[in-house]
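For reference, the structure is listed below as structure tokens.
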Amino acid sequence: MALLTLLATITIGIIRLRNLFAVVVLGGIYSFLMASVMIVLDAVDVAMTEASVGAGISTVLMLATLYLTKTQETVPAHTPLLPLFVAVATGLVLVFGTFALPPFGAADTPVNLNVAPYYLENSIRDTLVPNVVTSVLASYRGFDTLGEVAVVFTAGIAVLMLLKGKRNMKPGPKRRRVR
Amino acid sequence: MDLLQTIVAHYNHWIIIFLMVSGLYIVVARGNMIKKLVGLGLFQTSVYLLYLSPGKILGGTPPILSPQFSVYSNPLPHVLILTAIVVGVATLALGLALVVRINEAFGTIEEDEIFAGEEDE
Chain U
1 MALLTLLATI TIGIIRLRNL FAVVVLGGIY SFLMASVMIV LDAVDVAMTE ASVGAGISTV
61 LMLATLYLTK TQETVPAHTP LLPLFVAVAT GLVLVFGTFA LPPFGAADTP VNLNVAPYYL
121 ENSIRDTLVP NVVTSVLASY RGFDTLGEVA VVFTAGIAVL MLLKGKRNMK PGPKRRRVR
Chain L
1001 MDLLQTIVAH YNHWIIIFLM VSGLYIVVAR GNMIKKLVGL GLFQTSVYLL YLSPGKILGG
1061 TPPILSPQFS VYSNPLPHVL ILTAIVVGVA TLALGLALVV RINEAFGTIE EDEIFAGEED
1121 E
């Protein structure tokens, strides 16, 4: 509970700060806290991935972009009343919905009763892998992972295409009309 | 006593909703594109928690089979979220590349200034 409260505090900091460098660094701290929460939730593999990818690679990518652009956010001209209202209203509706959810940590919920026990019982017999997350990821749901690799590959190609065009462009007039 | 039990049972849901709503607010209200991407990340991580927290069983251990334990947390959400994290960083990289290109073309990454520049010409 303390970790979750810390997460919320950092979120407020991210909303209020206008220095983008500070925002990105807070984002890294947020990811590490998120990884700690995941360890508490028994998701050790996810926690390792979040610590390396979320806190490591994402932060580095953000910092690289900041180096290429600007680090200060301008104050918006109009007051954000409408977005605030929309956000608070959505939040209230969702909080109302949580009262129908099962309490935290219960074992007899639909999430935990259907397919998960099958994986836990048959993982050793089917794949000889004691880590059930690994066996589900690579064996039971291997096609899912294949699709994920396809998505990452496509994104990588798109990034390369976007940044390759950059080199051909002259650093001339600042605003170019793009049609 | 009843109130306290309700709070303990639903505290994680409320924090998840707070993170999700703040991500939504940043994406809608802030004009800076890097800030928008950070907000998108907040929204995304709140969904990770939304998936992981129902899979936790109190008194359970991480789903690595061993004769010493008998109660394990649900492995399926972990797998789904592993996939989501990796896809998330791929889309983040794509978004940041777009931001760099927009900065190259317009000289700014603020939404309002881009619109103002379009109207001037």
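Chains as they are written, first to last, in this note's numbering: chain U, 1 to 179; chain L, 1001 to 1121.
In this text, a Cβ means the ideal position worked out from N, Cα and C, and glycines have one as well.
Checklist entry - Residues in the stretch 37-53 of chain U with C-beta within 9 Å of chain L's C-beta atoms, listed in sequence order? => result Cβ contacts with chain L: VAL37, MET38, ILE39, VAL40, LEU41, ASP42, ALA43, VAL44, ASP45, VAL46, THR49, GLU50, VAL53.
Next on the checklist: Spatial neighbours of ILE1109 of chain L within its chain, please: C-beta separation below 8 Å, excluding the five flanking residues on both sides.
Outcome noted: Your numbering for residue 1109 of chain L matches position 109 in the second sequence. Closer than 8 Å at the Cβ level, and outside the excluded window around ILE1109 of chain L, lie ASN1032, MET1033, ILE1034, VAL1099, ILE1102, ASN1103.
Checklist entry - Relative to chain L, which residues along the stretch 93-115 of chain U have a C-beta separation below 8 Å, given in chain order? => result Close to chain L, meaning a Cβ-Cβ distance shorter than 8 Å, are the following residues of the stretch 93-115 of chain U: LEU94, VAL95, THR98, PHE99, LEU101, PRO102, PRO103, PHE104, GLY105, ALA106, ALA107, THR109, VAL111, ASN112, VAL115.
Checklist entry - Do you know offhand how far ALA47 of chain U's Cα is from ASN114 of chain U's? => result Translated into positions along the first sequence, residue 47 of chain U becomes position 47. Translated into positions along the first sequence, residue 114 of chain U becomes position 114. The alpha-carbon atoms of ALA47 of chain U and ASN114 of chain U are separated by roughly 24 Å.
Checklist entry - Per DSSP, ASN131 of chain U forms a beta bridge with which residues? => result Looking up residue 131 of chain U in the first sequence gives position 131. DSSP, once it has assigned bridges, lists L:ILE1064 as partnering ASN131 of chain U.
Checklist entry - Would you say the beta carbon of GLY13 of chain U comes nearer than 6 Å to a heavy atom of the ligand FAD? => result Annotation note on the ligand FAD: not contained in the displayed structure, which lists no ligands.
Checklist entry - Which one of U:VAL133, U:GLU50, U:VAL132, U:VAL136 has the shortest CA to CA distance from VAL986 of chain L? => result Because chain L in this structure spans residues 1001 to 1121, residue 986 of chain L falls outside the shown range and cannot be described.
Next on the checklist: Below 9 Å on C-beta distance, what does LEU6 of chain U contact in chain L?
Outcome noted: As a first step, residue 6 of chain U must be located in the first sequence, where it is residue number 6. What LEU6 of chain U touches in chain L, judged by beta-carbon distance under 9 Å, is nothing: the nearest beta carbon there is about 10 Å away.
Checklist entry - Tell me which same chain residues have a C-beta within less than 7 Å of the C-beta of LEU63 of chain U, skipping the five on either side of it? => result Translated into positions along the first sequence, residue 63 of chain U becomes position 63. These residues qualify, in order along the chain: VAL24.
Checklist entry - Got a sec: which bits of the stretch 136-150 of chain U sit with their beta carbon under 8 Å from any beta carbon on chain L, in order along the chain? => result So the list reads VAL136, LEU137, ARG141, ASP144, THR145, GLU148, given in the order they occur along the chain.
Checklist entry - Can you tell me the Cα-Cα spacing of LEU1003 of chain L and THR1083 of chain L, whole angstroms? => result Translated into positions along the second sequence, residue 1003 of chain L becomes position 3. Translated into positions along the second sequence, residue 1083 of chain L becomes position 83. For LEU1003 of chain L and THR1083 of chain L, the distance between alpha carbons rounds to 37 Å.
Next on the checklist: Quick check: is the beta carbon of TYR118 of chain U nearer than 7 Å to any beta carbon in chain L?
Outcome noted: Walking along the first sequence from the start, residue 118 of chain U turns up at place 118. The beta-carbon of TYR118 of chain U is placed no less than 7 Å from the nearest beta-carbon of chain L.
Checklist entry - Going along the chain, which residues of its own chain have a beta-carbon closer than 7 Å to the beta-carbon of GLY1117 of chain L, five neighbours each way excluded? => result As a working note, residue 1117 of chain L is residue 117 in the second sequence. In its chain, beyond the 5 residues on either side, PHE1106 have a beta carbon closer than 7 Å to the beta carbon of GLY1117 of chain L.
Checklist entry - Apart from the five residues just before and just after ARG179 of chain U, which ones in its own chain have a Cβ nearer than 8 Å to its Cβ? => result Counted from its first residue, the first sequence places residue 179 of chain U at position 179. Only weak support exists for where ARG179 of chain U lies, its pLDDT of 40 falling under 50; the value from the coordinates is given anyway. If you ignore the 5 residues before and after ARG179 of chain U, its C-beta comes within less than 8 Å of no other C-beta in its own chain.
Checklist entry - Cβ of ILE1017 of chain L within 7 Å of Cβ of LEU3 of chain U? => result The count along the second sequence starts at 1 and reaches residue 1017 of chain L at position 17. The count along the first sequence starts at 1 and reaches residue 3 of chain U at position 3. Cβ distance not < 7 Å, so ILE1017 of chain L and LEU3 of chain U don't count as in contact.
Checklist entry - Secondary structure at GLU50 of chain U, three-state DSSP: helix, strand or coil? => result On the first sequence, position 50 is the one that residue 50 of chain U refers to. GLU50 of chain U falls in the helix class under three-state DSSP.
Next on the checklist: DSSP has GLN72 of chain U in a bridge; who is on the other side?
Outcome noted: For the purposes of this step, residue 72 of chain U is taken as residue 72 along the first sequence, with counting starting at 1. For GLN72 of chain U, which the question treats as bridged, DSSP gives the partners U:ASN19.
Checklist entry - Beta-carbon of VAL178 of chain U versus every beta-carbon of chain L: anything under 7 Å? => result Counting from one through the first sequence, the residue named residue 178 of chain U turns up at place 178. Bear in mind that a pLDDT of 44 at VAL178 of chain U, under 50, signals an unreliable position, so the number given afterwards is only what the model happens to contain. Cβ-Cβ to chain L under 7 Å: yes for VAL178 of chain U.
Next on the checklist: Taking 8 Å as the limit between beta carbons, can you name the residues of its chain near GLY1041 of chain L, skipping five residues before and five after?
Outcome noted: Looking up residue 1041 of chain L in the second sequence gives position 41. Cβ neighbours of GLY1041 of chain L beyond the five flanking positions: GLY1023, GLY1088, LEU1092.
Next on the checklist: At the 7 Å Cβ level, is LEU163 of chain U part of the contact set with chain L, yes or no?
Outcome noted: Taking the first sequence and counting its residues from 1, one reaches residue 163 of chain U at position 163. Judged by the 7 Å Cβ criterion, LEU163 of chain U is in contact with chain L.
Checklist entry - In chain L, which residues lie less than 8 Å from ALA158 of chain U when you measure between Cβ atoms? => result The sequence position of residue 158 of chain U within the first sequence is 158, counting from 1. Near ALA158 of chain U (Cβ distances below 8 Å), the residues of chain L are LEU1094, ALA1097.
Checklist entry - Does the beta carbon of LEU219 of chain U sit closer than 7 Å to a beta carbon anywhere in chain L? => result Only positions 1 to 179 of chain U appear in this structure, which leaves residue 219 of chain U out of reach.
Checklist entry - Does the Cβ of LEU160 of chain U have 16 or more other Cβ atoms within 10 Å, making it buried, or fewer, making it exposed? => result For this step, residue 160 of chain U is matched to residue 160 along the first sequence. Classification of LEU160 of chain U: exposed, given that the 10 Å Cβ count is below 16.
Checklist entry - Looking at the structure shown, is ASN1032 of chain L part of a helix, part of a strand, or coil, going by DSSP? => result Along the second sequence, read from residue 1 onward, the residue named residue 1032 of chain L stands at position 32. ASN1032 of chain L: strand per DSSP, three-state reduction.
Item to check | Entirely enclosed beta strand (DSSP E) segments - the stretch 57-108 of chain U, minimum 3 residues | outcome: Along the length of the stretch 57-108 of chain U, whole beta strand (DSSP E) runs at least 3 residues long do not occur.
Item to check | N- and C-terminal bounds of the alpha helix (DSSP H) containing LEU137 of chain U | outcome: To locate residue 137 of chain U, count along the first sequence from 1; it is residue 137. Counting along the chain, LEU137 of chain U falls outside any alpha helix (DSSP H), and DSSP gives it neither H nor E.
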